Amino acid sequence: MEVEHTLRRKWVGIVSRSHANRRSFNYFLFTLPALLLYLGFFIYPSILGVLYSLTDWDGLSKSYHFIGLDNYFAVFKDVRFGQALIFTFKYTIIAVILKIALALGLALLLNGNIKFRGFMRSVYFFPAVLSLITVGLIFNQIFYTILPKIGEQLGIEVLSKNILGDPDTAIFGLIIVNVWSGIAVPMVIFLAGLSSVPNDLHEAATIDGANSLQRFFSITLPFLIPMLNVNLVLSIKGGLTVFDSIVAMTQGGPGTATESIAYLIYAHGMNEFKFGYATAESIFIFIMIAFISFLQLKWLNKKEVGQL
Amino acid sequence: MKFTKKILSIAITACLIVAAGCSAGTESVNNEQGSTNGANNGQSSKNTTEKVKLEFLSNKADVAETMDKIIKGFQEQNPNIVIEQNTPPNMLKVLTMRFSTNDAPPVFTVYPSAPSFAQLLKDDNVAELTGDPVLENVEPSFVEFSQNNGKNYAVPYALEGYGVVYNADLFKELNLGIPQTYNELIQVAEKIKAAGKTPFVFADKEHSDLRRISAALLGLDMTDAVPFFQDVINGKKHIADRETEIRRFAEKTLELRKYAQKDLLGMSGDNAVVEVANGKAAMYFMGMWKALAVKKANPSMNVAMFAFPAEKAEDTKVAMQVGTALAMPKDIKTPDEVKKFMAYFATTENAQLYSDETGQISVIKGVTHKVKENIGLAEMALAGKMYRAADATWTPAMQEDFGKATQELLGGASLEAYLKKLEEIFYNKAS
């Protein structure tokens, strides 16, 4: 009891030494739970992950060996990983362009004076509330039953069979699904951005005789750069880590045509018991995404309003 | 004082979080020492009623109802044991995870011949049951069939296998007999095609389904496929050493697709069942559980199965594996209770119920197969006319790669490229 009492007095003494000190300590204590959770559930596993990537652990055995950087060398030599990398980039580029362009277009339309604006906005937002696995399974049936019929009617050879069954077209099946369900969030962010575009600038430009295209590129777009920035980071990250729709729709097939890096990591770690190797792959993709996001933030920050 | 209270409350919150983490830690330590009951079960076994709770982890969600009936009967006989059936999706992965975190369920389903089970055995995780009384009511030849390295680690209950699911009504209508040889099968397919129906449907969109039937087809013609591939994996032989046979298998695979649905790689397993059930397709080469799925989708149709015919009628056999088997972890606290349940499930009465309701081919003494959809296969298997598919000893990685390579073959890759790919997948890949 005695000890505890003195300790408490000491504590109080330390923290009440100065008002400012006490306050910041107070704030620090408030962050403590979050900090502990972050340390326990993020930093600690990340460090473990780096360690596992240096081993030949199969994810199950009680014993494993440290094999240095062998996993990383093997990743670079792996043809399948290279293919997955190419697929992932191809997918990301197409999906990001489509997502951003369509989201921006929809946001502009939904920001205009249309009837049932609130209702229309919720209609376009709706896909975002569905799980991608569910959406994928539904689209599986659409691609199998409905689309080929339409393709046959129109006489288009490519569409007259399941597009997921052809190595050349399966990627587009995945893109359609991901764009359909992934368009909502960027659209909402653009909508929020559009409300920050000052109307008087538009009015002034109209009086000066600028047409709507000129107004869009010279006034609206610069104000949207921060939103574009966020959307690009989000959708590029989403593209590089595409996984759930592949599991639901193609399982990386036909053959290995639609294996993304995330899918390959899953396949190596969970199906093939190459846990150490899969961890090395995921650290590789982590570094890659961090690098790409960094470049992109640096580049786009320069183009924001006020820094032109 | 107000301030001390604040600090206290925050400190308590922090302590609680840390404590929660710690208690989870002790749990797994306990488990390491042998308690596989998990935290809640451990507590309940200590309370006054002295009930033992056993978690039964199963990969067979489709037969969960039947198992519940058996569990109910067991609990009536043993009121102090409570069995909780748990059938999570991806159960084999869940099981691996549970073992790696020292939280293995006390009793679980396995495929004794599959690499997923070999993986568990490699680390000495599973209790050995060789010569154990729980195996007494199993047909002796199948006790041997379900061994790993000459020892029993699982109690086998039933077999599942591969064959051709066919629309018996349509066969009758077109006056077709059951094909006894491969050539007859092709002739039958020709006739069905001439009648304007799709002879075959193949779920080639699913690389795992394609791998299963391809490995079965390969093992049918190449009777020593399992040891041959083992030699290739160990680097002692090459795929090219048996090129003619593997070529023949690949050519057959392609020939059969000439009579299949036009969109080969676009057909999923579920859709294939629908194609057969609605009468559009006549035959579907796949596991025997698909016959029951077709029956469920169209109860008015007569569905049956025949074994995939070999080149010569007398060589026709059926690809089989133990599909239902139970195992338990090594060093568990309640081995007697688990064995009691294993033995109860192995009684003739319960095995008969299981066979009747699930259509699986029981290997328990005294059971007669009554499910008519696959009775032909059951008779062959029980008479010993069965074999293991070529993929029995492949690792999951090899199985997946083989399935995907075969997809590429169907997608238009050349036979040479396919053989080269097989060499890459298997040669000297033992680790």
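Protein sequence lines, in the order shown, are assigned to chains V and L. Be aware that the first sequence starts at 1, since it is given in the working numbering, and climbs by one per residue. Be aware that the second sequence starts at 1, since it is given in the working numbering, and climbs by one per residue. Glycine included, every Cβ here is placed at the ideal spot set by N, Cα and C. All figures in this text were calculated on a predicted structure; none of them were measured in a lab.
Limits of the beta strand (DSSP E) - the one that residue i falls within
i        : result
Tyr344/L : Looking at the DSSP string, Tyr344/L is not in any beta strand (DSSP E); the run it does join, the alpha helix (DSSP H), is 335-345.
Pro199/L : 198-201
Lys53/L  : 52-57
Gln85/L  : 81-86
Ala304/L : 303-306
Val107/L : 107-109
Tyr144/V : Taken as a continuous stretch (DSSP letters only), Tyr144/V belongs to no beta strand (DSSP E), as it is neither H nor E.
Ala281/L : 281-287
Cβ of residue i within 8 Å of any chain L Cβ
i        : result
Pro226/V : no
Pro127/V : no
Tyr266/V : no
Lys77/V  : no
Asp166/V : yes
Gln153/V : no
Pro254/V : yes
Tyr52/V  : no
Ser181/V : no
Gln376/V : Residue 376/V cannot be examined here, being either before or after the span of chain V that is shown, 1 to 308.
Gln307/V : Bear in mind that the predicted position of Gln307/V carries a pLDDT of just 48, short of 50, making it unreliable; the figure below should be weighed with that in mind. Not one chain L Cβ lies under 8 Å of Gln307/V.
Gln251/V : yes
Unbroken alpha helix (DSSP H) run spanning residue i, endpoints
i        : result
Met380/L : 375-382
Met275/V : The question names Met, but residue 275/V in the sequence shown is Phe. Counting along the chain, the alpha helix (DSSP H) containing Phe275/V begins and ends at 275-301.
Ala397/L : 396-410
Phe89/V  : 79-111
Arg248/L : 243-257
Ser212/V : 212-215
Backbone secondary structure at residue i - three-state DSSP
i        : result
Ala154/L : coil
Pro329/L : strand
Glu157/V : coil
Gly161/L : strand
Asn30/L  : Confidence at Asn30/L is low in this model, with a pLDDT of 37, below 50, so the placement of that residue should be treated as unreliable; the coordinate-derived value is given next. Helix.
Val129/V : helix
Asn271/L : helix
Tyr427/L : coil
Gly239/V : helix
Thr256/V : coil
Thr96/L  : helix
Cβ-based neighbour list, residue i, same chain, cut-off 7 Å, excluding 5 preceding and 5 following
i        : result
Ala107/V : Met187, Phe190, Leu191, Leu194
Gly68/V  : Leu54
Ala293/L : Val273
Glu50/L  : Asn80
His207/L : Glu400, Gly403, Lys404, Gln407
Beta carbon proximity, residue i to chain A, threshold 8 Å
i        : result
Phe273/V : Chain labels in this structure do not include chain A; the protein chains are V and L.
Counted within 10 angstroms of its Cβ, other Cβ atoms place residue i as buried (16 or more) or exposed
i        : result
Val165/L : buried
Ala262/V : buried
Gly118/V : exposed
Trp299/V : exposed
Thr31/V  : exposed
Asp224/L : exposed
Gln43/L  : Since pLDDT at Gln43/L reaches only 44, below the 50 mark, its modelled position is unreliable, and the value read off the structure follows with that caveat. It counts as exposed.
Thr134/V : exposed
His268/V : buried
Ser58/L  : buried
His65/V  : exposed
Glu190/L : exposed
Arg121/V : buried
Ala257/V : buried
Asn167/L : buried
Short CB-CB distance (under 8 Å) between residue i and chain V
i        : result
Asp263/L : yes
Lys93/L  : yes
Gly411/L : yes
Gly287/L : no
Pro396/L : yes
Gly266/L : yes
Glu416/L : no
Close Cβ partners of residue i (< 8 Å) along its chain, the five nearest in sequence each way excluded
i        : result
Val367/L : Thr348, Ala351, Gln352, Ser355
Ile70/L  : Tyr344, Phe345, Asn350, Leu353, Tyr354
His369/L : Ser355, Ile361, Ser362, Ile375, Ala378, Glu379, Leu382
Met267/L : Val201, Phe202, Ala203, Asp204, Lys205, Gln261, Glu275
Leu422/L : Ile239, Ile246, Phe402, Ala405
Close beta carbons around residue i, own chain, < 6 Å, minus the five adjacent residues each side
i        : result
Leu137/V : Ala248
Phe125/V : Ala184
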